[in-house]
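One structure below.
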Amino acid sequence: MTATEILQSVQFVVGRDGKPTAAVLDMSAWEAFLSMLEDIEDVELIRDRMKNWRSKEGWTRWEDFETELETNALPTVD
Numbered sequence: 128m129t130a131t132e133i134l135q136s137v138q139f140v141v142g143r144d145g146k147p148t149a150a151v152l153d154m155s156a157w158e159a160f161l162s163m164l165e166d167i168e169d170v171e172l173i174r175d176r177m178k179n180w181r182s183k184e185g186w187t188r189w190e191d192f193e194t195e196l197e198t199n200a201l202p203t204v205d
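Heads up, the sequence shown is in the numbering used here, so the first residue is 128 and it goes up one at a time.
Next comes the structure, spelled out in structure tokens:
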């Protein structure tokens, strides 16, 4: 479902004064809307991560990672 289709499927509740008081979507339109929002958030997250990746901000040296892994590893069961 496209954004245009979602917007076209909205039904409005109108009060006694003739002014809209609420908007109603069927569940499939609501779920499509939520999916679109999640996709937008994912794209923003990826863009942010790519920017940080290029600057190497927050990178950890492999040796430091190995040390942390060894320190926090669960004991082996014999």
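Beta carbons are placed, not taken as given, at the ideal position from N, Cα and C, and that holds for glycine.
When the distance is taken between beta carbons, is Thr148 closer than 7 angstroms to Val137? Val137 is not a Cβ neighbour of Thr148, given a cutoff of 7 angstroms.
Where Leu149 sits in the DSSP three-state scheme: For the sequence presented, residue 149 should be read as Ala rather than Leu. Look at Ala149 here: in three-state DSSP terms it is strand.
Classify Val137 as helix, strand or coil using the three-state DSSP reduction. Look at Val137 here: in three-state DSSP terms it is coil, with no helix or strand label.
What first and last residue would you give for the alpha helix (DSSP H) that runs through Thr198? Unbroken alpha helix (DSSP H) run through Thr198: Trp189 to Asn199.
Tell me the rounded alpha-carbon separation between Arg174 and Ile133. Going by the C-alpha atoms only, they are around 26 angstroms apart.
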